[in-house]
Amino acid sequence: MVEDLPQKQDILDGLRRGVISGDEEVVKLATQEGIDSGIDPIEIVERGLIPGITEVGANFERMEAYLTDMMMSADAMKAGMSIVLTKIPREKIRRQGTVVLGTVKGDIHEIGKNILGALLTAAGFDVIDLGCDVPASVFAEKAEEAGAIIIGASALMTTTLPGQKDIVDYLNSTGRRGKYSLLVGGGPTNAQWAKEIGADAYAETATEGVKLALREFEKRRKQTA
Amino acid sequence: MITYLDVIKRIHTGRICSERDFDLRVFAPKLKEVLKAHDIRYDPVNPVPDDDGLADDVWSAAMDFYCDVGTYCLDTERIVQFDENEIAQTLKTAPREFTFGDGKQRKALTQRRPEDGTPPWCFLGAGGAAVSSEENLLRLVQGYASIPVINSLTSPALTTVEGMRIVAGSPLEIYGAIRAIGLARQALTRAGKPGLPIMNCISTASSAIATIAASQPQFGLRPSDGWLCGTLAEMKVDYGVLSKGAYLLSWGANVCSETAPVLGGYAGGPEGTALVNAAYNILGTVIQKASYQLSFPIHFNFQSNTARSTLWAISLSGQGIARNASLPVFMLGYTASGPMTEMVLYETAAWVIAAVASGTHIEAEGVCKATHVDHFTPMEPGFAAEVAYAATGIKRSCANELVKTLLSKYEDKIKDAPIGKRFGECYDMTTGKPSEDYLRLYSKIKKELEDLGLEFKY
Numbered sequence: 164m165v166e167d168l169p170q171k172q173d174i175l176d177g178l179r180r181g182v183i184s185g186d187e188e189v190v191k192l193a194t195q196e197g198i199d200s201g202i203d204p205i206e207i208v209e210r211g212l213i214p215g216i217t218e219v220g221a222n223f224e225r226m227e228a229y230l231t232d233m234m235m236s237a238d239a240m241k242a243g244m245s246i247v248l249t250k251i252p253r254e255k256i257r258r259q260g261t262v263v264l265g266t267v268k269g270d271i272h273e274i275g276k277n278i279l280g281a282l283l284t285a286a287g288f289d290v291i292d293l294g295c296d297v298p299a300s301v302f303a304e305k306a307e308e309a310g311a312i313i314i315g316a317s318a319l320m321t322t323t324l325p326g327q328k329d330i331v332d333y334l335n336s337t338g339r340r341g342k343y344s345l346l347v348g349g350g351p352t353n354a355q356w357a358k359e360i361g362a363d364a365y366a367e368t369a370t371e372g373v374k375l376a377l378r379e380f381e382k383r384r385k386q387t388a
Numbered sequence: 269m270i271t272y273l274d275v276i277k278r279i280h281t282g283r284i285c286s287e288r289d290f291d292l293r294v295f296a297p298k299l300k301e302v303l304k305a306h307d308i309r310y311d312p313v314n315p316v317p318d319d320d321g322l323a324d325d326v327w328s329a330a331m332d333f334y335c336d337v338g339t340y341c342l343d344t345e346r347i348v349q350f351d352e353n354e355i356a357q358t359l360k361t362a363p364r365e366f367t368f369g370d371g372k373q374r375k376a377l378t379q380r381r382p383e384d385g386t387p388p389w390c391f392l393g394a395g396g397a398a399v400s401s402e403e404n405l406l407r408l409v410q411g412y413a414s415i416p417v418i419n420s421l422t423s424p425a426l427t428t429v430e431g432m433r434i435v436a437g438s439p440l441e442i443y444g445a446i447r448a449i450g451l452a453r454q455a456l457t458r459a460g461k462p463g464l465p466i467m468n469c470i471s472t473a474s475s476a477i478a479t480i481a482a483s484q485p486q487f488g489l490r491p492s493d494g495w496l497c498g499t500l501a502e503m504k505v506d507y508g509v510l511s512k513g514a515y516l517l518s519w520g521a522n523v524c525s526e527t528a529p530v531l532g533g534y535a536g537g538p539e540g541t542a543l544v545n546a547a548y549n550i551l552g553t554v555i556q557k558a559s560y561q562l563s564f565p566i567h568f569n570f571q572s573n574t575a576r577s578t579l580w581a582i583s584l585s586g587q588g589i590a591r592n593a594s595l596p597v598f599m600l601g602y603t604a605s606g607p608m609t610e611m612v613l614y615e616t617a618a619w620v621i622a623a624v625a626s627g628t629h630i631e632a633e634g635v636c637k638a639t640h641v642d643h644f645t646p647m648e649p650g651f652a653a654e655v656a657y658a659a660t661g662i663k664r665s666c667a668n669e670l671v672k673t674l675l676s677k678y679e680d681k682i683k684d685a686p687i688g689k690r691f692g693e694c695y696d697m698t699t700g701k702p703s704e705d706y707l708r709l710y711s712k713i714k715k716e717l718e719d720l721g722l723e724f725k726y
């Protein structure tokens with residue numbers, strides 16, 4: 164166990180900085196060093212990795228960091244997590260839940276969805292990114308498979324908006340609508356459309372998307388408590 | 269010179285790499301490196317920069333960047349690259365003049381220069397925003413065609429056919445695309461401008477199959493119109509866009525390289541967005557063999573481009589392209605606010621002044637982010653055209669002061685901009701005339717601009 168506080172703090176600071184700079188190798192080495200030095204793995208996550216990704220998220224909100232910074236930091240954090248998770252029971256890690264994310268069938272625009280994915284990771288969600296041109300059934304089946312609580316569906320064209328309604332229809336037809344919160348977003352989407360198709364929420368921006376995901380998560384947590 | 273078939277060959281033989289690696293290991297580090305090497309820095313104090321050296325630096329940085337990064341093909345997962353000499357030769361020998369339209373509306377398009385005394389090409393209409401009905405599409409296009417200085421139309425997109433919602437890639441997309449073209453041509457004829465080119469063919473179609481199907485001449489399109497062939501953010505193409513190109517170039521039709529770098533996305537901040545926008549112009553000539561670049565750098569958080577940072581990126585990249593490239597560039601404005609608000613006219617004036625003084629042509633415009641059905645009218649592009657003519661020939665320093673004043677009137681409201689009113693609430697749908705209230709508002713803001721020193725020509 165590390166008793167020497169300055170050394171412990173150095174390792175945790177190094178982890179935080181490694182995540183901020185999006186350097187996977189630095190984060191892997193620092194995580195291993197932390198474990199080898201006897202730092203509690205939960206502390207590695209909560210005082211090293213999470214503060215790093217949280218800072219990147221805040222920088223993104225202030226437009227001081229951009230999408231590639233977010234994605235690289237998210238990758239670096241995942242690299243650290245993959246090491247640390249082998250050392251502690253998963254339920255001891257404070258996570259928000261799983262989100263299945265994608266761009267609907269017929270639509271190949273990804274950038275907004277990618278930004279939301281990176282921000283959700285920063286906020287503590289496990290994100291399963293299905294990519295673009297995703298059929299309604301795939302959103303639903305992957306959510307089922309991963310035990311997700313939230314489905315996020317993006318559409319960037321007026322002609323692909325029906326793909327969001329298809330998800331609602333598919334979930335209804337399989338009797339699973341109540342299991343998930345459906346968040347919709349993308350250029351031509353708006354609150355009226357979300358209401359019309361029976362989605363749970365509409366996010367105009369990725370930052371709003373994270374707030375809504377947290378709200379939906381909290382709502383569901385209370386329901387199951 | 270690089271031919272279209274050379275491009276097609278390289279999308280199947282170029283270096284293979286995953287999309288994520290292209291984004292994070294090729295595109296992002298090179299962008300940072302080039303921005304640093306050329307010392308390109310955002311200046312929020314001056315949204316319209318007045319520095320030819322900086323404009324040329326952006327162009328030269330875009331060349332360095334593009335030669336190294338190339339274009340990523342999503343379908344083959346390969347990077348299309350050409351060496352610097354091949355690219356330079358292709359740019360040098362590329363056409364510099366492109367002709368659009370028929371009859372009295374036929375006109376040649378060439379590149380402008382910063383502070384140019386020649387008015388910009390006014391490509392006016394809805395910016396592809398969606399209308400709820402065929403009747404609205406007809407009435408809107410007639411209104412657009414009646415704007416005195418219009419050079420080409422950007423038609424709205426239909427959302428339904430016979431009450432059925434149009435779905436991308438479905439047969440309804442083909443029906444919708446054919447119908448939208450027929451209606452737009454009919455409305456242009458009613459307005460007495462049958463030869464006016466439609467330069468956003470085909471707004472209702474997104475897939476290659478619908479575009480090609482609806483482009484058959486019997487439905488009303490001509491090679492002298494212009495087709496949007498959209499690149500994907502950032503520096504990416506796919507089979508769909510290249511297939512459209514294969515068809516259109518074989519027909520001798522005008523290809524539009526549609527580009528929309530996202531500020532806050534892969535392109536990063538204002539500096540990166542300006543650089544990537546300039547690099548897209550090179551892609552348009554080298555890869556797409558385009559007749560024009562239609563660009564709308566867009567702010568990720570606002571989904572519009574009238575914020576200070578996006579105006580700077582529009583202005584600087586516009587100057588870099590106008591001073592160095594052969595492929596004419598149009599800037600397309602997206603306002604945050606909607607019709608019949610003071611803000612929409614302030615936003616319109618700001619982006620138009622920035623673009624025109626920087627040497628670009630204009631497409632006006634996507635009103636209310638082009639996300640609200642029927643939330644646009646012919647008044648906003650009409651206003652944009654009046655401002656564009658008034659801003660023709662003004663110095664960038666003068667444009668900078670005007671834009672700063674305009675920004676002070678709306679900058680803090682962008683996030684929660686008013687959506688304004690629907691077309692039917694702003695216009696008399698029987699006579700096709702704007703309401704008295706909107707005319708009064710229009711005159712009020714025009715007078716404010718005159719008081720700021722802008723001299724309207726009509």
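For the protein sequence lines, the chains are L and P, in the order given.
Just so you know, our numbering puts 168 at position 5 of the first sequence, and the rest follows in order with no gaps.
Just so you know, our numbering puts 648 at position 380 of the second sequence, and the rest follows in order with no gaps.
Ideal Cβ placement from N, Cα and C applies to all residues, glycine included.
Since this is a predicted model, take the numbers as computed values, not measurements.
Proximal residues of chain P, C-beta to C-beta of residue i below 7 Å
| i | result |
| --- | --- |
| Gly-350 of chain L | Gln-571, Thr-639 |
| Thr-151 of chain L | Because chain L here runs from 164 to 388, residue 151 of chain L falls outside it and cannot be looked at. |
| Asn-353 of chain L | Thr-639, His-640 |
Anticipated Cβ contact below 8 Å, residue i with residue j, distance rounded
| i | j | result |
| --- | --- | --- |
| Ile-621 of chain P | Met-599 of chain P | Going by Cβ atoms, the distance from Ile-621 of chain P to Met-599 of chain P rounds to 11 Å, so no, they are not a contact pair. |
| Asp-320 of chain P | Ser-665 of chain P | Contact flag wrong, Cβ pair sits at about 13 Å. |
| Val-267 of chain L | Ser-317 of chain L | 7 Å |
| Ser-420 of chain P | Leu-464 of chain P | 6 Å |
Neighbouring residues, chain L, relative to residue i (Cβ below 7 Å)
| i | result |
| --- | --- |
| Thr-427 of chain P | Thr-321 |
Nearest neighbour of residue i, chosen from the options [CA to CA]
| i | options | result |
| --- | --- | --- |
| Met-269 of chain P | P:Ala-397, P:Ile-555, P:Asp-343 | P:Ile-555 |
| Ala-455 of chain P | P:Leu-408, P:Met-503, P:Ile-687, P:Thr-427 | P:Leu-408 |
| Phe-366 of chain P | P:Val-523, P:Glu-723, P:Leu-406 | P:Val-523 |
| Ile-198 of chain L | L:Met-235, L:Ala-237, L:Met-244 | L:Met-244 |
| Gly-532 of chain P | P:Glu-704, P:Phe-570, P:Thr-645, P:Pro-387 | P:Phe-570 |
| Cys-636 of chain P | P:Thr-603, P:Lys-298, P:Pro-315, P:Tyr-657 | P:Thr-603 |
| Leu-212 of chain L | L:Met-233, L:Glu-227, L:Leu-175, L:Ala-318 | L:Leu-175 |
| Thr-541 of chain P | P:Leu-579, P:Gly-508, P:Lys-512 | P:Leu-579 |
| Trp-327 of chain P | P:Tyr-507, P:Ala-653, P:Ala-547, P:Lys-725 | P:Ala-547 |
| Glu-718 of chain P | P:Lys-504, P:Lys-701, P:Val-655 | P:Val-655 |
| Tyr-614 of chain P | P:Leu-377, P:Leu-292, P:Gly-601 | P:Gly-601 |
| Thr-323 of chain L | L:Asp-203, L:Lys-241, L:Asp-270 | L:Asp-270 |
| Pro-252 of chain L | L:Val-290, L:Asp-203, L:Met-235, L:Asp-329 | L:Asp-203 |
| Gly-431 of chain P | P:Ser-483, P:Asn-592, P:Tyr-443 | P:Tyr-443 |
Residue i: contacting residues in chain P (beta-carbon distance under 8 Å)
| i | result |
| --- | --- |
| Pro-298 of chain L | By Cβ distance, chain P contributes nothing, its closest Cβ being about 12 Å from Pro-298 of chain L, past 8 Å. |
| Ile-183 of chain L | Result: empty, since nearest Cβ-Cβ is about 15 Å, beyond 8 Å. |
| Ile-360 of chain L | Near Ile-360 of chain L there are no residues of chain P at all, since even the closest Cβ is about 11 Å away, more than 8 Å. |
| Pro-325 of chain L | Arg-433, Val-435 |
Helix, strand or coil at residue i [DSSP, three-state]
| i | result |
| --- | --- |
| Trp-495 of chain P | strand |
| Ala-448 of chain P | helix |
| Ser-401 of chain P | coil |
| Gln-587 of chain P | helix |
| Arg-225 of chain L | coil |
| Val-435 of chain P | coil |
| Val-208 of chain L | helix |
| Arg-464 of chain P | Sequence check: residue 464 of chain P is Leu here, not Arg. The answer is coil: DSSP assigns Leu-464 of chain P none of H, G, I, E or B. |
| Glu-633 of chain P | strand |
| His-280 of chain P | helix |
| Met-608 of chain P | coil |
| Gly-348 of chain L | strand |
| Ser-317 of chain L | strand |
| Tyr-365 of chain L | strand |
| Asp-292 of chain L | strand |
Under 9 Å by beta carbon: chain L residues contacting residue i
| i | result |
| --- | --- |
| Asp-506 of chain P | Ile-271 |
Residue i: contacting residues in chain P (beta-carbon distance under 9 Å)
| i | result |
| --- | --- |
| Ile-291 of chain L | The contacting residues do not exist; Ile-291 of chain L stays about 15 Å from chain P at best. |
Minimum Cβ-Cβ distance from residue i to chain B less than 7 Å
| i | result |
| --- | --- |
| Gly-532 of chain P | Absent from the structure: chain B. Protein chains present are L and P. |
What residues from the stretch 214-234 of chain L come within 7 Å of chain P, judged by C-beta to C-beta, listed N to C?
-> From the stretch 214-234 of chain L, only Met-226, Tyr-229, Leu-230, Thr-231, Met-234 have a Cβ closer than 7 Å to chain P.
Mind checking the stretch 695-722 of chain P against chain L and listing, in chain order, the residues whose C-beta falls within less than 9 Å of any C-beta there?
-> Residues of the stretch 695-722 of chain P with a Cβ closer than 9 Å to any Cβ of chain L: none.
Interfacial residues, the stretch 287-303 of chain P to chain L, with Cβ spacing under 7 Å | Within the stretch 287-303 of chain P, the qualifying residues are Asp-291, Leu-292, Ala-296.
Of all the residues that make up the stretch 329-349 of chain L, which are near chain P by a beta-carbon distance shorter than 7 Å?
-> Under the 7 Å Cβ criterion, the stretch 329-349 of chain L contributes no residue.
Which residues, in chain order, does the stretch 486-502 of chain P contribute to contact with chain L at a C-beta distance below 7 Å?
-> Near chain L, meaning a CB-to-CB distance below 7 Å, the residues of the stretch 486-502 of chain P are Leu-500, Ala-501.
Could you list the residues in the stretch 439-463 of chain P with a C-beta less than 9 Å from some C-beta on chain L, going in chain order?
-> Result list: Leu-440, Glu-441, Gly-444.
Name the residues in the stretch 382-402 of chain P whose C-beta lies less than 7 Å from a C-beta of chain L; which are they?
-> Those residues of the stretch 382-402 of chain P that come within reach of chain L (Cβ to Cβ, closer than 7 Å) are Ala-398.
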